[in-house]
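Q: Pasting a structure here, questions to come.
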Amino acid sequence: MQILIFGAVRGALYSLIAVGYVLIYSVGGILNLAHGTFYMLGAYLTYIFYALLFGTGGKFILILSSVLSVLTVGVIACIVYYVLLRPKIKSLTYVLVITLALALFVGEVMSLFFGVAGTSVPSFVEGSISIGGIKVINQHLLLFPVALVVLTSLWYFLKRTKMGQGIDAVAQQRDGAILMGINVDTVNLIISGLSACLAALAGTLIAPVSSVVPHMWVFPLIKAFAIAILGGVGSLAGSIIASFILGYAEVFTSFLISDQLTELVSLVVIVFVLLFKPYGIMGYKLG
């Protein structure tokens, strides 16, 4: 029962992070090494809005701080795309270098202002409940319904709205979308903001039960990359499936071997998939 519950919680968290990463790559062809930074900023900005700007308050202030955090990160991501990425978007080397440099820079800024010890954010949902004799923190359980609602809404947006269908058209057939009059640059801008918002949302949700520290961007980036490869490059459905596979794999590793080895699972997945199944679950071959 513990493995079932904790694996689902991790899978929900990873799906929010990875879907945004896969989305911006499948639509814009952007390998964004600053994706984990948006996750980190989601957590830090929630703390900043709640503790420094609004002062301590009730749950409404906390939720408002979280919403403002997610929206702010989305705006930051749009600015990053327009100012830093757009001028040389076709250069893979440039994109990789500039996004990695941005991630390192933001991490250092957070260290300078908040130190390396970390900060904390109050829980959106207090307490815990017992499921099958297993004590589960309510904040962890919140991840699953939020991920379900957000990802369902994303699917509806991409498949049932005019703007979403335009984005999907760019992902499926870029040249054809251009011939149809779709502004690819605008699509990339929208997707940059949307993918960052998903990562920031994951950061705000995990902040109450995890230390908010400057280096917290690293492992989410590795996990997002591993999930993208396992699920299949360009496949949103594959990334969701892979998120839960990785989540359960880490929980199994934690329970059966050692909790200290869970972070290695993502690296093992990357190597294994590249060697034996480069197409991933539902994608196309890398390279």
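Residue numbers 2 to 288, in my numbering, belong to the letters of the sequence shown in order. Where a beta carbon is used, it is the ideal one built from N, C-alpha and C, also for glycine.
G29 to L65, Cα distance in whole Å?
A: About 31 Å.
Q: Rounded to a whole number of angstroms, what is the C-alpha to C-alpha distance between L287 and Y26?
A: Interpretation of L287 is limited by its pLDDT of 46, a score under 50 that renders its predicted location unreliable; no figure is taken from the coordinates.
Q: Determine the extent of the beta strand (DSSP E) in which I130 is found, giving its start and end residues.
A: Note, I130: beta strand (DSSP E), 129-132.
Q: Measure the Cβ-Cβ separation of S244 and G12 and say whether it is below 7 Å.
A: Contact flag set, yes.
Q: Given this structure, state the Cα-to-Cα distance separating V214 from T120, to the nearest angstrom.
A: Computed Cα separation, rounded: 7 Å.
Q: Between which residues of its own chain and H141 is the CB-CB distance below 7 Å, once the five residues before and five after are set aside?
A: Within the same chain, H141 has close Cβ partners V10, V210.
Q: Which whole-angstrom value is the C-beta distance of T38 and V107, which I expect to be below 8 Å?
A: Sure, about 5 Å apart at Cβ, within 8 Å.
Q: Where do the N-terminal and C-terminal ends of the beta strand (DSSP E) with V137 fall, by residue?
A: Counting along the chain, the beta strand (DSSP E) containing V137 begins and ends at 135-138.
Q: To the nearest angstrom, how far is the alpha carbon of L275 from that of I230?
A: Using only the alpha carbons, I get a separation of about 8 Å.
Q: Buried or exposed: N189, going by 16 or more other Cβ atoms within 10 Å of its Cβ?
A: So N189 ends up on the buried side.
Q: Can you tell me which of the three DSSP states V122 falls into?
A: Here V122 sits in coil by DSSP.
Q: Over the uninterrupted alpha helix (DSSP H) stretch that includes L46, give me the two end residues.
A: Unbroken alpha helix (DSSP H) run through L46: 36-48.
Q: Does V76 pass the burial test, meaning 16 or more other C-beta atoms within 10 Å, or should it be called exposed?
A: V76 should be labelled exposed.
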